[in-house]
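Enquirer: Top line first, the protein sequences correspond to chains A and F.
To convert, count from 1 in the first sequence and add 350; that's the working numbering.
To convert, count from 1 in the second sequence and add 350; that's the working numbering.
By construction, the Cβ of each residue, glycine as well, lies at the ideal position given by its N, Cα and C atoms.
Got a structure for you, questions after.
Number of protein chains: 2
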Amino acid sequence: MIDELVSQQDALDAARRVRGTDDVAEALARVAWSVVTDPGDAVAATLVREFGPADGMRFALDARGRSWPMVRAAGARRALDEARARWRQRADPAAVIDALRRAQTAGAHLLLPGDPDWPLAVDDLDTEAPVVLWARGRPELLTSAARVAIVGARAATAYGERVAADLSGDLAAAGTAVVSGGAYGIDGAAHRAALTVGGGTIAVLAGGVDRPYPAGHRNLLTRIAVDGVVVSEVPCGTAPTRWRFLARNRLIAALGQATVVVEAGWRSGSLNTAGHAATLGRPLGAVPGPVTSASSAGCHRLLREYDAVCVTSAAEVAEMLPIDARSPHAHDATEEGRVLLLRALSTRTARTEAQLAQRADLTVERTRALLGLLDLDGLARRDGDGWRGIGAARTS
Amino acid sequence: MIDELVSQQDALDAARRVRGTDDVAEALARVAWSVVTDPGDAVAATLVREFGPADGMRFALDARGRSWPMVRAAGARRALDEARARWRQRADPAAVIDALRRAQTAGAHLLLPGDPDWPLAVDDLDTEAPVVLWARGRPELLTSAARVAIVGARAATAYGERVAADLSGDLAAAGTAVVSGGAYGIDGAAHRAALTVGGGTIAVLAGGVDRPYPAGHRNLLTRIAVDGVVVSEVPCGTAPTRWRFLARNRLIAALGQATVVVEAGWRSGSLNTAGHAATLGRPLGAVPGPVTSASSAGCHRLLREYDAVCVTSAAEVAEMLPIDARSPHAHDATEEGRVLLLRALSTRTARTEAQLAQRADLTVERTRALLGLLDLDGLARRDGDGWRGIGAARTS
């Protein structure tokens with residue numbers, strides 16, 4: 351299918367318009383992957399990683415008779431064969447062109463790994479990372495220095511909505527982007543409060559970014575698509591489904607440097623988001639409420655069973671963030687970050703940006719930016735996939 | 351002073367009437383200690399432990415010119431000399447007789463270590479254990495198989511009082527004795543609910559058991575002194591003071607096998623009780639509430655800073671208790687306890703009752719009772735201060 355797409359003028363034109371560049375081979379291949387796969391397809395991710403998006407797809411779809419040379423284990427071969435059967439049913443070049451045209455109509459950006467606005471945070475999902483992201487509004491918010499996911503029950507109480515709004519408003523006013531799912535209840539209260547204080551907010555949808563869902567949030571999502579960003583990994587035109595909501599939750603957890611559940615019933619879907627945050631090693635917070643309120647039972651469960659942090663204020667949420675994300679508006683963050691990063695660098699061993707970010711307790715985005723500064727100052731240099739420190743005084 | 355007391359007919363009569371026995375030498379000595387010392391006097395406790403209550407007091411008060419033969423370190427000698435000066439100011443035989451007569455008038459029992467109703471749990475306070483206990487009502491409640499301290503703010507909200515009553519009522523109905531401080535607010539709600547379901551409740555006072563405090567709880571404390579037990583370590587007639595409230599809190603924490611704080615402001619006195627529970631290694635629970643309520647701020651602080659368990663129901667409180675205390679009304683507890691205790695016994699090494707209780711996850715009281723049964727069955731025997739298992743099959 352990929353060779354068919356890159357030889358069709360329609361496909362090339364549609365991709366060029368959405369990407370704003372002539373170099374659209376990878377974009378077409380990745381959009382094709384997003385059309386033929388469901389979110390978080392680990393088999394697809396492995397092929398993309400191994401062969402690149404275009405060759406991986408040739409391998410998966412076009413080389414019908416070809417064997418899988420790198421796969422020897424029978425179980426893995428079976429998984430690949432099953433995946434290939436699924437993908438082939440959806441391998442329609444017209445669907446790729448349709449997705450691109452709908453995106454253009456909706457004014458959606460197509461983000462690929464490596465783009466400046468691609469959030470490195472979602473790569474923590476490893477083989478469940480999204481293959482592309484579609485974004486309406488201000489995609490640069492996806493790489494905000496500080497990002498907190500605030501989620502909770504659709505059937506929220508007045509108490510829950512008030513607390514969500516207080517937390518979100520205070521965090522957004524201090525420069526933290528508020529990530530949520532655009533739903534009724536806690537999600538909506540969090541988005542609205544962030545917009546009200548003129549802060550950044552990210553709505554992650556389970557369907558296409560051109561399909562505001564729920565319908566009652568059409569106006570809210572339209573506002574977010576201007577002053578914030580509405581983002582999804584599924585192509586424009588895709589309807590949200592129960593399964594896509596669950597898959598979407600992992601993106602919310604990955605985009606937030608911490609996740610806070612404000613109100614949740616005993617079996618609330620937001621506990622699923624909390625589970626993803628915990629799996630990713632992201633700090634998890636829960637807001638307590640009256641024990642007499644069923645809407646807080648899920649939060650109390652997180653406190654009892656999942657060792658969530660009890661949070662009652664924006665300041666307590668900020669304590670859960672990486673050090674450099676706690677006061678994103680502060681101007682001395684650069685000097686503090688340089689010191690932390692210099693300590694994290696070794697002159698002997700090259701360390702990747704992710705390793706350095708973890709050692710320095712900085713975001714990957716900030717680590718990357720600071721490494722650029724240290725490089726200019728002659729204090730760090732690239733070495734293969736990583737970085738080393740330079741300096742006679744450093745011996746570690 | 352002690353020789354003066356045991357030679358005065360007034361003193362002997364007063365002690366005999368309160369104790370109901372002619373053997374009152376230790377009682378007089380311990381009451382004398384409780385009159386001359388403040389609660390939790392570790393220097394006094396050390397002397398009592400080293401020399402016994404009567405000889406310890408002779409040493410402390412009567413042998414004016416005598417040195418302290420067992421103390422060589424200058425710091426410890428100074429502490430002893432200072433303590434002796436304090437004690438001598440209060441060494442009045444008439445005060446001892448007065449305390450005994452007031453107790454008799456109030457119908458208070460005088461409990462000494464070794465009495466069947468003496469709660470071994472308070473001995474966990476080590477050198478801060480009480481030297482005597484005065485009890486009005488049913489002193490046998492002090493050794494209930496299951497005991498939970500439920501404490502909280504005097505300035506409680508309707509929510510807090512409701513939750514305290516729900517927890518206390520459910521626990522007391524299941525056979526757990528509810529320990530609290532008799533104060534307004536949470537304490538009162540906890541006591542009342544336990545009485546309402548016909549369960550056991552223990553009110554630990556900062557002043558004498560003949561001085562109901564606060565005045566507005568005179569009727570409640572009078573009911574507890576009949577259907578439950580009102581207990582204090584200070585002599586009858588003693589007024590409660592701020593310092594005595596703080597000292598009293600350690601007894602509440604020691605008498606409870608777990609402590610639950612229902613509502614507490616940021617600097618509530620119940621956090622002091624929580625601190626004692628944590629110091630004693632007792633499980634600590636906190637009931638969450640609305641983050642918008644200042645009356646829950648102390649509970650949320652316990653959840654955040656002191657690793658308290660988030661509790662929302664009596665069942666969750668019961669999970670914090672030793673295994674044999676979780677269903678005190680169950681009749682198969684004896685067989686289960688025997689099995690646990692047999693596993694905890696070693697045939698090679700003698701273990702104390704406290705060590706065995708900890709290993710078997712049983713209360714000390716139950717461990718002692720079960721050891722008696724195992725002794726009768728020829729499965730365990732005393733060895734010095736501890737117990738050993740007997741049996742060819744046992745090799746541990």
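Does the beta-carbon of Thr371 (chain F) have 16 or more other beta-carbons within 10 angstroms, so that it is buried, or is it exposed?
Expert: If you number the second sequence from 1, residue 371 (chain F) lands on position 21. Exposed is the call here.
Enquirer: Flag this pair as yes or no: are the beta carbons of Val529 (chain A) and Leu605 (chain A) separated by less than 7 Å?
Expert: Position 179 of the first sequence, counted from the start, is the residue given in the question as residue 529 (chain A). Position 255 of the first sequence, counted from the start, is the residue given in the question as residue 605 (chain A). The answer is yes: Cβ separation under 7 Å.
Enquirer: If we cut at 7 Å on Cβ distances, does Leu483 (chain A) have a partner in chain F?
Expert: Along the first sequence, read from residue 1 onward, the residue named residue 483 (chain A) stands at position 133. Chain F contact via Cβ: absent.
Enquirer: Is Gly734 (chain F) helix, strand or coil by DSSP?
Expert: Your numbering for residue 734 (chain F) matches position 384 in the second sequence. Residue state, collapsed to three classes: coil.
Enquirer: On the DSSP letters alone, give me the boundaries of the alpha helix (DSSP H) that Ala496 (chain F) sits inside.
Expert: Residue mapping note: residue 496 (chain F) aligns to position 146 of the second sequence, counting from 1. No alpha helix (DSSP H) contains Ala496 (chain F), which DSSP labels as neither H nor E.
Enquirer: Please list, in chain order, all residues of the same chain as Ala636 (chain A) whose beta carbon is under 6 Å from its beta carbon, the five residues on each side excluded.
Expert: Taking the first residue of the first sequence as 1, we reach residue 636 (chain A) at position 286. These residues qualify, in order along the chain: Val611, Cys649, Leu652, Leu653 and Ala658.
Enquirer: Taking C-beta to C-beta, are Ala694 (chain F) and Ala675 (chain F) nearer than 7 Å?
Expert: Along the second sequence, read from residue 1 onward, the residue named residue 694 (chain F) stands at position 344. Along the second sequence, read from residue 1 onward, the residue named residue 675 (chain F) stands at position 325. Against a cut-off of 7 Å, the Cβ pair of Ala675 (chain F) and Ala694 (chain F) comes out as no contact.
Enquirer: What residues from chain F crowd round Leu362 (chain A), counting only those whose CB sits closer than 7 Å?
Expert: Locating residue 362 (chain A) in the first sequence gives position 12, counting from the first residue. Chain F residues near Leu362 (chain A): none, gap ~55 Å exceeds 7 Å.
Enquirer: Applying the 10 Å Cβ sphere with the 16-neighbour rule, what's the burial state of Leu726 (chain A)?
Expert: As a position in the first sequence, residue 726 (chain A) is number 376, starting the count at 1. With fewer than 16 Cβ atoms within 10 Å of its Cβ, Leu726 (chain A) is classed as exposed.
Enquirer: Using a Cβ cut-off of 7 Å (strictly closer), state whether Thr493 (chain F) contacts chain A.
Expert: Walking along the second sequence from the start, residue 493 (chain F) turns up at place 143. No - not a single Cβ of chain A is within 7 Å of the one on Thr493 (chain F).
Enquirer: Beta-carbon within less than 6 Å of Arg594 (chain F)'s beta-carbon, same chain only, minus the 5 sequence neighbours each way: which residues are those?
Expert: Taking the first residue of the second sequence as 1, we reach residue 594 (chain F) at position 244. Excluding residues within five positions, the ones whose Cβ falls inside 6 Å are Ala556.
Enquirer: Pull up the DSSP beta-bridge partners for Val580 (chain F), would you.
Expert: Taking the second sequence and counting its residues from 1, one reaches residue 580 (chain F) at position 230. BP columns for Val580 (chain F) point to F:Arg486 and F:Ala553.
Enquirer: Taking all protein chains shown into account, do 16 or more other C-beta atoms lie within 10 angstroms of the C-beta of Pro466 (chain A), making it buried, or fewer, making it exposed?
Expert: Here residue 466 (chain A) is taken as the residue at index 116 of the first sequence, counted from 1. Counting Cβ neighbours within 10 Å, Pro466 (chain A) comes out exposed, since fewer than 16 surround it.
Enquirer: According to DSSP, is Arg701 (chain A) helix, strand or coil?
Expert: By 1-based counting over the first sequence, the position of residue 701 (chain A) is 351. Arg701 (chain A): strand per DSSP, three-state reduction.
Enquirer: Please name the residue, chosen from A:Glu685, A:Ile602, A:Val513 and A:Ala361, that lies closest to Leu475 (chain A) on a Cα-to-Cα basis.
Expert: One-based indexing of the first sequence puts residue 475 (chain A) at position 125. The shortest Cα separation from Leu475 (chain A) among A:Glu685, A:Ile602, A:Val513 and A:Ala361 belongs to A:Ile602.
Enquirer: For Asn569 (chain A), count neighbouring Cβ atoms within 10 angstroms of its own Cβ and tell me buried if that reaches 16, exposed if not.
Expert: The residue labelled residue 569 (chain A) in the question sits at position 219 within the first sequence. That one is exposed.
Enquirer: Quick one: using the 10 Å Cβ neighbour count with 16 as the cut-off for buried, is Ala503 (chain F) buried or exposed?
Expert: In the second sequence, residue 503 (chain F) corresponds to position 153, counting from 1. Buried.
Enquirer: Along chain F, in chain order, which residues have C-beta atoms closer than 9 Å to that of Leu653 (chain A)?
Expert: Walking along the first sequence from the start, residue 653 (chain A) turns up at place 303. Those are Pro638, Leu653, Val659 and Cys660, listed as they occur along chain F.
Enquirer: Would you decide whether Ala508 (chain A) is buried or exposed? Buried here means 16 or more other CB atoms lie within 10 Å of its CB.
Expert: Position 158 of the first sequence, counted from the start, is the residue given in the question as residue 508 (chain A). By the neighbour-count rule (16 or more Cβ atoms within 10 Å), Ala508 (chain A) is not buried but exposed.
Enquirer: Can you tell me whether DSSP reads Ser530 (chain F) as helix, strand or coil?
Expert: Position 180 of the second sequence, counting from 1, holds the residue named residue 530 (chain F). The answer is strand: DSSP assigns Ser530 (chain F) an E or B state.
Enquirer: Any beta carbon of chain F sitting closer than 7 Å to that of Val610 (chain A)?
Expert: Start at 1 with the first residue of the first sequence, and residue 610 (chain A) comes out as number 260. With 7 Å as the cut-off, Val610 (chain A) does not count as an interface residue toward chain F.
Enquirer: For chain A, check one thing: does any of its Cβ atoms lie closer than 7 Å to the Cβ of His541 (chain F)?
Expert: Numbered from 1 along the second sequence, position 191 holds the residue referred to as residue 541 (chain F). Chain A contact via Cβ: absent.
Enquirer: Quick one: is Val498 (chain A) near chain F, going by C-beta distance under 7 Å?
Expert: Residue 498 (chain A) sits at position 148 when you count from the first residue of the first sequence. Cβ-Cβ to chain F under 7 Å: no for Val498 (chain A).
Enquirer: State the beta-bridge partners of Thr609 (chain A) as determined by DSSP.
Expert: In the first sequence, residue 609 (chain A) corresponds to position 259, counting from 1. Thr609 (chain A) is bridged to A:Ala499 and A:Leu634.
Enquirer: Our contact map puts Gly587 (chain A) next to Asp560 (chain A) with C-beta atoms below 8 Å; I'd like the distance itself, whole angstroms only.
Expert: Locating residue 587 (chain A) in the first sequence gives position 237, where the first residue counts as 1. Locating residue 560 (chain A) in the first sequence gives position 210, where the first residue counts as 1. Yes, Gly587 (chain A) and Asp560 (chain A) are in contact; Cβ-Cβ is about 7 Å, under 8 Å.
Enquirer: When Cβ atoms are compared, which residues of the stretch 508-533 of chain A fall closer than 8 Å to chain B?
Expert: The structure shown contains no chain B; its protein chains are A and F.
Enquirer: Secondary structure at Leu729 (chain A), three-state DSSP: helix, strand or coil?
Expert: Here residue 729 (chain A) refers to the residue found at position 379 of the first sequence. Reduced to three states, the DSSP call for Leu729 (chain A) is coil.
Enquirer: For His626 (chain A), decide whether its Cβ has a neighbour in chain F, counting only Cβ atoms nearer than 7 Å.
Expert: Against the first sequence, residue 626 (chain A) aligns to sequence position 276. Chain F, which has no Cβ nearer than 7 Å to the Cβ of His626 (chain A), makes this no.
Enquirer: Scan the stretch 375-461 of chain A and note each continuous alpha helix (DSSP H) run of 4 residues or more that stays entirely inside, going in chain order.
Expert: Runs of the alpha helix (DSSP H) inside the stretch 375-461 of chain A: 375-386, 392-401, 403-407, 424-439 and 443-456.
Enquirer: Whole angstroms is fine: what's the gap from Arg598 (chain A)'s alpha carbon to Ala589 (chain A)'s?
Expert: One-based indexing of the first sequence puts residue 598 (chain A) at position 248. One-based indexing of the first sequence puts residue 589 (chain A) at position 239. Distance between the alpha carbons of Arg598 (chain A) and Ala589 (chain A): 13 Å.
Enquirer: Should the stretch 529-548 of chain A be called in touch with the stretch 695-710 of chain A, which here means at least 3 C-beta pairs below 8 Å?
Expert: No contact exists between the stretch 529-548 of chain A and the stretch 695-710 of chain A.
Enquirer: Specify the secondary structure class of Cys586 (chain F) as computed by DSSP and reduced to three states.
Expert: Taking the first residue of the second sequence as 1, we reach residue 586 (chain F) at position 236. Of the three classes helix, strand and coil, the one that applies to Cys586 (chain F) here is coil, per DSSP.
Enquirer: If we define contact as Cβ-Cβ less than 7 Å, is Val547 (chain A) a contact residue for chain F?
Expert: Counting from one through the first sequence, the residue named residue 547 (chain A) turns up at place 197. Chain F contact via Cβ: absent.
Enquirer: Can you look up Gly739 (chain F) in the DSSP assignment and give me helix, strand or coil?
Expert: Translated into the one-based positions of the second sequence, residue 739 (chain F) becomes position 389. Correct three-state label for Gly739 (chain F): strand.
Enquirer: Let me confirm a value: Gln359 (chain F) is counted as buried when at least 16 other C-beta atoms fall within 10 Å, else exposed. Which label applies?
Expert: By one-based count along the second sequence, residue 359 (chain F) stands at place 9. The residue is exposed, with fewer than 16 neighbouring Cβ atoms inside 10 Å.
Enquirer: Taking the C-alpha atoms as reference points, what is the distance between Ala704 (chain A) and Val714 (chain A)?
Expert: If you number the first sequence from 1, residue 704 (chain A) lands on position 354. If you number the first sequence from 1, residue 714 (chain A) lands on position 364. Spanning the two alpha carbons is a distance of roughly 6 Å.
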